[in-house]
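Working notes for the structure below.
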Amino acid sequence: MTEEAKAAVLVEALPYIQRFAGKIFVIKYGGSAMGGRLTDVILDIIWLKQVGIRPVVVHGGGKEITAMLEKLGLPARFVDGLRVTDEAAMDVVEMVLAGKVNPRLVAAFNRRDGGAVGLSGVDGGLLRVVKKHHPAGDIGFVGEVVDVNTELLETLLDKRLIPVIAPIGVDEEGRRYNVNADEAAGAVAGALKAEKLFLITDVPGILREGPSGPEVISRITSEEIRRLVASGEIRGGMIPKVQACLAALAAGAKHVHIINGEDPHALLLEVFTDRGIGTMVLPENGGAS
Numbered sequence: 004m005t006e007e008a009k010a011a012v013l014v015e016a017l018p019y020i021q022r023f024a025g026k027i028f029v030i031k032y033g034g035s036a037m038g039g040r041l042t043d044v045i046l047d048i049i050w051l052k053q054v055g056i057r058p059v060v061v062h063g064g065g066k067e068i069t070a071m072l073e074k075l076g077l078p079a080r081f082v083d084g085l086r087v088t089d090e091a092a093m094d095v096v097e098m099v100l101a102g103k104v105n106p107r108l109v110a111a112f113n114r115r116d117g118g119a120v121g122l123s124g125v126d127g128g129l130l131r132v133v134k135k136h137h138p139a140g141d142i143g144f145v146g147e148v149v150d151v152n153t154e155l156l157e158t159l160l161d162k163r164l165i166p167v168i169a170p171i172g173v174d175e176e177g178r179r180y181n182v183n184a185d186e187a188a189g190a191v192a193g194a195l196k197a198e199k200l201f202l203i204t205d206v207p208g209i210l211r212e213g214p215s216g217p218e219v220i221s222r223i224t225s226e227e228i229r230r231l232v233a234s235g236e237i238r239g240g241m242i243p244k245v246q247a248c249l250a251a252l253a254a255g256a257k258h259v260h261i262i263n264g265e266d267p268h269a270l271l272l273e274v275f276t277d278r279g280i281g282t283m284v285l286p287e288n289g290g291a292s
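Shown next as structure tokens:
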């Protein structure tokens with residue numbers, strides 16, 4: 004890239020930097036996307052912080068949980084993208100998310116002076132939950148977020164720290180629950196009235212069957228999502244993602260983006276370029292980006 008091209012990129016980014024400075028971005032980094040682009044994603048998030056955006060990270064770890072369950076001879080079962088979590092599986096979930104994945108991510112941020120702080124949803128009652136009930140039956144210790152301790156997060160953000168959250172919740176009796184990371188991120192984004200929620204995953208966005216095969220939907224409204232779910236075009240593991248989108252928007256988040264974490268610097272391209280990538284989910288009125 005020539006020096007002139009580099010300057011053009013910075014000029015293109017300037018209006019977005021001005022628009023989003025001081026705003027909160029919630030970024031869900033999915034276990035399925037935690038691969039070769041880890042460094043890119045972390046550098047992108049640190050870059051957001053350096054230009055005045057206030058990032059909050061919620062991470063997954065599903066592949067590592069499944070691998071550990073297999074080592075222990077325990078089954079891994081899912082219903083509509085949600086992990087069925089009995090007591091033994093809950094111990095593994097907590098061990099992997101809070102004991103392994105979270106410290107590893109925080110260390111990766113702080114090796115680059117990111118100023119990250121690791122939390123689980125149990126800390127400070129960050130994610131208060133109730134047991135999730137599913138039409139298919141009992142899915143065990145799976146929680147639905149009913150309250151977020153935004154004061155704790157805002158205190159950390161005011162100190163220019165990056166909260167990195169493991170999606171484990173706690174109920175009024177102190178019981179711990181596995182919380183789907185997409186849903187946890189949606190709840191956090193809604194509670195903080197975030198400017199944007201990003202779901203970084205291993206797919207390019209919400210897909211629709213086109214004339215020559217699956218095509219990425221670049222923009223979609225909440226109502227259109229509901230129609231695609233009802234028709235069966237959105238199914239499986241994408242269901243918790245779009246449910247998180249809808250919940251975040253309904254609670255006050257401005258926009259939601261689903262992007263592929265395998266694309267180099269996908270987060271920066273989505274935020275700071277005119278073309279963007281992935282799918283932007285808009286509220287019912289189709290508000291501007």
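Residue numbers (the numbering used here): 4 to 292.
Backbone N, C-alpha and C define an ideal beta-carbon position, used for all residues, glycine too.
Start and end residues, beta strand (DSSP E) containing proline 217: Counting along the chain, the beta strand (DSSP E) containing proline 217 begins and ends at 216-219.
Would you list the residues sitting across from aspartate 94 in a DSSP beta bridge? According to DSSP, aspartate 94 bridges with nothing at all.
With three or more beta-carbon pairs closer than 8 Å as the criterion, would you say the region 213-221 touches the region 172-182? no
Would DSSP call glycine 63 helix, strand or coil? DSSP places glycine 63 in coil when its eight states are reduced to three.
Please report the straight-line C-alpha distance between lysine 74 and glycine 65, rounded to a whole angstrom. 14 Å
Where glutamate 226 falls, given that 16 or more other Cβ within 10 Å makes a residue buried: exposed
Less than 8 Å between the beta carbons of histidine 268 and methionine 283, yes or no? no
So, at 7 Å on beta carbons, what are the nonlocal neighbours of valine 54 in its own chain, with the 5 sequence-adjacent residues on each side left out? Ile20, Ala24
Starting from leucine 164, trace the beta strand (DSSP E) both ways and give me its first and last residue. That residue, leucine 164, is in no beta strand (DSSP E); it is neither H nor E in DSSP.
For isoleucine 3 and glycine 264, I'd like the C-alpha separation in whole angstroms. Outside the displayed span of the chain (4 to 292) sits residue 3, for which this structure offers no information.
Pick from Asp83, Asp150, Gly127, Arg115: whose alpha carbon is nearest that of alanine 254? Asp150
Measuring alpha carbon to alpha carbon, tell me which residue in Leu85, Val104, Leu249, Leu72 is nearest proline 138. Leu85
Can you tell me the Cα-Cα spacing of threonine 153 and alanine 119, whole angstroms? It is roughly 17 Å from the alpha-carbon of threonine 153 to the alpha-carbon of alanine 119.
Continuous beta strand (DSSP E) stretch holding glycine 121: start and end: Per DSSP, the unbroken beta strand (DSSP E) holding glycine 121 starts and ends at 119-123.
Less than 8 Å between the beta carbons of valine 132 and glycine 172, yes or no? yes
Opposite lysine 31 in the DSSP bridges: which residues? Within the DSSP secondary-structure output, lysine 31 pairs in a beta bridge with Val61, Leu202.
Beta strand (DSSP E) containing aspartate 43: first to last residue? Boundaries around aspartate 43 are those of the alpha helix (DSSP H), 41-53, since no beta strand (DSSP E) includes it.
Which listed residue (Lys244, Met71, Gly63, Leu202) has its alpha carbon closest to that of glycine 124: Gly63
Can you check DSSP and say which residues form a bridge with histidine 136? BP columns for histidine 136 are empty, so no partner.
According to DSSP, is threonine 282 helix, strand or coil? strand
Looking at valine 148 and leucine 164, is the spacing between their C-beta atoms short of 8 Å? No, they are not a contact pair.
Would you mind reading off the limits of the beta strand (DSSP E) that contains asparagine 113? Unbroken run through asparagine 113 is the alpha helix (DSSP H), 105-113; no beta strand (DSSP E).
Report buried or exposed for glycine 177, applying the criterion of at least 16 other Cβ atoms within 10 angstroms of its Cβ. exposed
Rounding to the nearest angstrom, what Cα-Cα distance links isoleucine 49 and lysine 199 in this structure? When rounded, the separation of the alpha-carbon atoms in isoleucine 49 and lysine 199 is 16 Å.
Are valine 344 and methionine 71 closer than 8 Å when you measure CB to CB? This structure does not reach residue 344, given that the chain is present from 4 up to 292, and the question cannot be answered.
Using only the alpha-carbon positions, how far apart do phenylalanine 81 and glutamate 212 sit? 25 Å
Delimiting residues of the alpha helix (DSSP H) encompassing aspartate 185: 184-194
Starting from glutamate 147, follow the beta strand (DSSP E) in both directions and report where the run begins and ends. Taken as a continuous stretch (DSSP letters only), the beta strand (DSSP E) holding glutamate 147 covers 146-151.
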